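Asker: Have a look at this one.
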Amino acid sequence: MVMKMSNASRRSARLGLMAVVMVAVSLLTATAAHALTWYDSVPVNASNVTTIADDALPDGGVVQIRRGTYDGNTYYWGRVSSPGSTYNSGHDLKFSVGGNCVNNSAGSKIKDINRTTYTSAVRRNNSCSYGAHVINRSTGKSVKVAVYY
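Residues 27 to 175 in the numbering used here are what the sequence shown lists, from first letter to last.
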């Protein structure tokens, strides 16, 4: 037995399918909009570099959040300065992005330039907060955090 759908039933089915597609597209778009892109070359190639947040480390050195311009965009990244500091060897530096942005530090890579530790950079977003975290490798505990909102 074959049943025929009324015009109203077909219209309802199409509207339901359209609603499902629109929800799926909005979820995919939201995920893509919150994905962070990390740039390894920015800390070495940026111009107009300044420190926008810093905090002195207990045994020497300073954890910093740096800002610079590269290819017409503004970027932020973390840094531990003071080449003689033990923080460049016994600790990890993490750079995180939070606030109204996705909290993500997985993409921040560490590099040493002239015995100063840097993270990868992210493009500035005024809705985000940024943190540079120094973490003791042996204990896993945070030693200091520089934060910028």
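Positions of the beta carbon are idealized from the N, C-alpha and C atoms, including for glycine. These figures come from a predicted structure and were not determined experimentally.
Counting only the same chain and skipping the five closest in sequence on each side, list residues whose C-beta sits under 7 Å from that of residue 165.
Answerer: The residue given as residue 165 occupies position 139 in the sequence shown. Same-chain partners within the cutoff: there are none.
Asker: Between the Cα of residue 145 and the Cα atoms of 123, 167, 169 and 104, which residue gives the shortest distance?
Answerer: In the sequence shown, the residue the question calls residue 145 occupies position 119. Answer by Cα proximity: 104.
Asker: Would you mind giving the Cβ-Cβ distance between residue 96 and residue 72, rounded to the nearest angstrom? I have them listed as a contact below 8 Å.
Answerer: Translated into the one-based positions of the sequence shown, residue 96 becomes position 70. Translated into the one-based positions of the sequence shown, residue 72 becomes position 46. The pair is a contact, with the Cβ atoms about 4 Å apart (cut-off 8 Å).
Asker: Since residue 162 is in the beta strand (DSSP E), which residue starts that stretch and which ends it?
Answerer: Within the sequence shown, residue 162 is the residue found at index 136, counting from 1. Looking at the DSSP string, the run of the beta strand (DSSP E) that includes residue 162 is 154 to 162.
Asker: Taking just the CA atoms, how far does residue 168 sit from residue 80?
Answerer: In the sequence shown, counting from the first residue as 1, residue 80 sits at position 54. In the sequence shown, counting from the first residue as 1, residue 168 sits at position 142. Their Cα atoms are separated by approximately 15 Å.
Asker: Quick check on the burial criterion: 16 or more other C-beta atoms within 10 angstroms. Buried or exposed for residue 70?
Answerer: In the sequence shown, the residue the question calls residue 70 occupies position 44. So residue 70 ends up on the exposed side.
Asker: Which residues bound the beta strand (DSSP E) around residue 99?
Answerer: Counting from one through the sequence shown, the residue named residue 99 turns up at place 73. Unbroken beta strand (DSSP E) run through residue 99: 99 to 107.
Asker: In the DSSP output, which residue or residues are listed as bridge partners for residue 80?
Answerer: In the sequence shown, counting from the first residue as 1, residue 80 sits at position 54. According to DSSP, which records beta bridges pairwise, residue 80 is partnered with 90.
Asker: Rounding to the nearest angstrom, what Cα-Cα distance links residue 170 and residue 154 in this structure?
Answerer: Here residue 170 refers to the residue found at position 144 when the sequence shown is read from its first residue. Here residue 154 refers to the residue found at position 128 when the sequence shown is read from its first residue. Approximately 20 Å, taken between the alpha carbons.
Asker: So, for residue 116: in the same chain, excluding its five sequence neighbours on each side, which residues have a beta-carbon less than 8 Å away from its beta-carbon?
Answerer: For the purposes of this step, residue 116 is taken as residue 90 along the sequence shown, with counting starting at 1. Around residue 116: 162, 163 and 164.
Asker: What is the residue span of the beta strand (DSSP E) that residue 174 lies within?
Answerer: Mapped onto the sequence shown, residue 174 falls at position 148. First-last of the beta strand (DSSP E) with residue 174: 168 to 174.
Asker: Please return the same chain residues whose Cβ sits closer than 6 Å to the Cβ of residue 78, not counting the five positions on each side in sequence.
Answerer: Here residue 78 refers to the residue found at position 52 when the sequence shown is read from its first residue. Here the set comprises 91, 93 and 174.
Asker: Residue 157: which of 151, 100 and 121 sits nearest, CA to CA?
Answerer: Here residue 157 refers to the residue found at position 131 when the sequence shown is read from its first residue. Looking at the Cα atoms, 121 is the closest of the given residues.
Asker: Grab the span of the alpha helix (DSSP H) containing residue 71 for me, first residue to last.
Answerer: For the purposes of this step, residue 71 is taken as the residue at position 45 of the sequence shown. Per DSSP, residue 71 belongs to the alpha helix (DSSP H) from 68 to 71.
Asker: Go ahead and pull the three-state DSSP assignment for residue 115.
Answerer: Residue numbering aside, residue 115 sits at position 89 when the sequence shown is read from its first letter. Here residue 115 carries a helix assignment [DSSP, helix/strand/coil].
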